[in-house]
Amino acid sequence: MSQKVALVTGGNTGIGKTIVLTLASEGFDILLNYVVMEEEAIKVKEEVEGMGRTCTLLFADVSNYEAVESMMEKAFTAGRIDVLVNNAGITRDQLLVAMTEQEFDAVINVNLKGTFNCMKHAARKMLKQRAGKIINMASVIGLMGNAGQINYAASKAAVIGMTKSIAKEFAPRNIQVNAIAPGFIETAMTDKIPAEAREKMIAEIPLKRLGQPQDIANAVAFLASDKADYITGQVLVVDGGMVM
Ligand code: NAP
1032 MSQKVALVTG
1042 GNTGIGKTIV
1052 LTLASEGFDI
1062 LLNYVVMEEE
1072 AIKVKEEVEG
1082 MGRTCTLLFA
1092 DVSNYEAVES
1102 MMEKAFTAGR
1112 IDVLVNNAGI
1122 TRDQLLVAMT
1132 EQEFDAVINV
1142 NLKGTFNCMK
1152 HAARKMLKQR
1162 AGKIINMASV
1172 IGLMGNAGQI
1182 NYAASKAAVI
1192 GMTKSIAKEF
1202 APRNIQVNAI
1212 APGFIETAMT
1222 DKIPAEAREK
1232 MIAEIPLKRL
1242 GQPQDIANAV
1252 AFLASDKADY
1262 ITGQVLVVDG
1272 GMVM
């Protein structure tokens, strides 16, 4: 069997970094996309190489259609992509009355259009392979909404709709497409939340703790494995029981 390869967007920090290290420990060679924090990307690359796997760094802003097209050309020069994890995401939180057009567009462009761009430019080659897995990072906010996050909630709800549609398009070619909806996970994204709001959030989580990046990476590793070959078009909620 040929060596399996996974591409992870936003693989340099937070949840993406843990996904990269977990997939590498499961035996995948890694294609690691990042856009700003190059030093972090280099550190993760060294960690992956220390595990005996290869790691190619792919700089690209996922919201840029042409940049992602070039990134995917480079990605496929090594051969194939078995698993595509669309993890890159941002927040620009504001109540509707205060939200600017730029804040709305920025979140839609990275979270939704970035996911579209990556799937679009990987599609032809993955379809030719007649095997593969796509895992899109959604959020519980896309399922339940959140005051101050209309842009983020809209982007993640749309990612779920897109995931289900592409699951139907790609199923005849044996490509499974699923989404993961994390709850509140301890990363730079949630570090911004004030302590009091954090305590309130934890009180509402049945398992009474924030999630860890590893909780999400474990779900990715499962959906990326052949143990999940008969699962497609699903949203796996990993949130300590918030949404049930
Ligand atoms: P994070 O720590 O802020 O990391 C975000 C990642 O996305 C970084 O690697 C960043 O790369 C990358 N990124 C941002 N804009 C990009 C762009 N235009 N092009 C390429 N990469 C870009 O966030 P996180 O908490 O790990 O979140 C990862 C994913 O999980 C996101 O999709 C997020 O919406 C989702 N999620 C998170 C939570 C949570 O509680 N943390 C909950 C639900 C869903 P650079 O460092 O190079 O900028």
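The number in the working numbering is simply the position in the sequence shown, starting from 1, with 1031 added.
Glycine included, each C-beta is placed from N, C-alpha and C at the ideal position.
- Endpoints, beta strand (DSSP E) assigned at Ile1165: 1163-1168
- Item | Chain-order list of residues whose beta-carbon lies under 7 Å from that of Phe1107 (same chain, five-residue window excluded) | Lys1156
- C-alpha gap between Gly1271 and Leu1088, whole angstroms: 33 Å
- For Ile1197, which of helix, strand or coil comes out of DSSP? helix
- Task: Consider the C-beta atom of Tyr1065 and the heavy atoms of the ligand NAP; say whether any pair is separated by less than 6 Å.
- Result: yes
- Taking the alpha carbon of Val1141 as the point to measure from, which residue in Asp1092, Gly1179, Gly1083 has its own alpha carbon closest? Asp1092
- Task: Assign Ala1109 to one of three DSSP states: helix, strand, or coil.
- Result: coil
- Message: For the ligand NAP, is there any heavy atom lying closer than 6 Å to the beta carbon of Met1220?
- Response: yes
- Nearest residue (CA-CA) to Asp1136, options Asn1148, Ile1121, Met1150: Ile1121
- Return yes when at least one heavy atom of the ligand NAP lies under 6 Å from the C-beta of Thr1053, else no. no
- Message: Considering only heavy atoms of the ligand NAP, does any lie closer than 6 Å to the CB of Val1036?
- Response: no
- Kindly indicate which three-state DSSP category Asn1182 falls into: helix, strand or coil? helix
- Item | For Cys1086, the residue or residues it bridges with in DSSP | Ile1061
- Kindly indicate the opening and closing residues of the alpha helix (DSSP H) around Ile1050. 1045-1056
- Item | Local conformation of Leu1127 per DSSP, three classes | coil
- Exposure of Ala1228, with buried meaning 16 or more beta-carbon neighbours within 10 Å: exposed
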